[in-house]
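In our numbering, the protein residues as written are 19 to 270.
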């Protein structure tokens with residue numbers, strides 16, 4: 019099925035340190051492309067895959083579940099690990115949730131984790147009904163494009179595919195149950211004003227992952243990687259990588 023223009027995956031080979039970036043639910047690599055290109059420009063090998071069912075039509079996404087998206091990220095992680103002795107993971111929204119899952123599963127094989135407005139609990143009232151709604155309606159209004167910066171648009175579905183959304187509670191429960199396994203350094207960027215993910219997710223992370231560093235963003239909404247605080251996220255993540263990598267970046 020044809021891709022939306024701009025929804026293509028992005029990969030860049032640089033030095034020995036790699037970062038796997040995970041986009042969010044109903045989103046595309048476009049939401050993380052500037053972040054990926056910034057890191058690539060500073061000597062980091064980058065993998066930003068497109069998850070199955072994303073970037074085409076929401077109807078196609080209804081044929082996928084969270085396990086399909088996560089499997090694509092596992093594949094990308096294995097590929098990056100084969101080329102880089104040190105790997106970090108990062109993600110936006112539900113991509114942050116899956117980055118945390120990768121950290122739970124792979125332990126010391128992941129050097130550090132960076133997440134932006136991670137979603138690890140069901141705090142969207144309409145999505146709570148998804149397991150029931152999936153039998154009656156194929157989609158509901160979308161949750162994408164929560165951006166404060168004028169003139170910026172997130173490339174994502176305007177509809178939320180209900181059958182795909184109905185699989186999310188399984189992922190959320192799994193990630194919450196295993197959060198104590200996240201022992202790697204963790205950097206969390208959290209927008210003070212977020213119309214998609216409520217503060218509950220960050221509160222749970224703060225409680226269960228004591229080594230987490232929480233950075234509050236004051237001038238961005240949910241898709242902060244495309245918003246007014248994007249430069250702060252990019253620079254902060256690069257500093258985090260430099261601090262926790264044991265090998266230099268290509269240009270360091």
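For each residue, glycine too, the CB sits at the ideal point set by N, CA and C.
Pull up the CB-CB distance for residue i and residue j, whole angstroms please, since I reckon it's below 8 Å.
i           : j           : result
residue 74  : residue 19  : 4 Å
residue 94  : residue 65  : 5 Å
residue 140 : residue 179 : That pair is no contact at about 16 Å.
residue 256 : residue 112 : That pair is no contact at about 24 Å.
residue 200 : residue 131 : 7 Å
residue 110 : residue 50  : 6 Å
residue 222 : residue 138 : 6 Å
May I have the straight-line CA-CA distance separating residue i from residue j, to the nearest angstrom?
i           : j           : result
residue 270 : residue 157 : A caution first: residue 270 carries a pLDDT of 48, below 50, which makes its placement in the model unreliable, though a value can still be read off. Each residue's alpha carbon lies about 48 Å from the other.
residue 32  : residue 100 : 14 Å
residue 46  : residue 69  : 8 Å
residue 136 : residue 114 : 5 Å
residue 176 : residue 264 : 42 Å
residue 61  : residue 155 : 46 Å
residue 106 : residue 229 : 16 Å
residue 204 : residue 25  : 28 Å
residue 18  : residue 218 : What is shown of the chain runs 19 to 270, which leaves residue 18 out entirely.
residue 121 : residue 128 : 6 Å
residue 195 : residue 35  : 29 Å
residue 248 : residue 181 : 32 Å
residue 98  : residue 52  : 19 Å
residue 240 : residue 169 : 16 Å
residue 184 : residue 190 : 11 Å
residue 202 : residue 213 : 29 Å
residue 238 : residue 72  : 24 Å
residue 90  : residue 102 : 18 Å
residue 161 : residue 86  : 21 Å
residue 250 : residue 243 : 9 Å
residue 27  : residue 163 : 19 Å
residue 254 : residue 261 : 10 Å
Exposed or buried, what is residue i when buried is set at 16 or more other beta-carbons lying within 10 Å of its beta-carbon?
i           : result
residue 211 : exposed
residue 216 : exposed
residue 234 : exposed
residue 37  : buried
residue 42  : buried
residue 206 : buried
residue 21  : exposed
residue 231 : exposed
residue 81  : exposed
residue 159 : exposed
residue 54  : buried
residue 67  : buried
On the DSSP letters alone, give me the boundaries of the beta strand (DSSP E) that residue i sits inside.
i           : result
residue 231 : 231 to 235
residue 28  : 28 to 30
residue 132 : 130 to 134
Just to check, is the beta-carbon of residue i closer than 8 Å to a non-hydrogen atom of the ligand GTP?
i           : result
residue 186 : This structure simply doesn't include the ligand GTP, nor any ligand for that matter.
Sequence ranges, beta strand (DSSP E) only - wholly within the segment 32 to 80, length at least 3: 35 to 40, 63 to 66
3 or more residues per run - each beta strand (DSSP E) lying fully within the segment 195 to 229: 204 to 209
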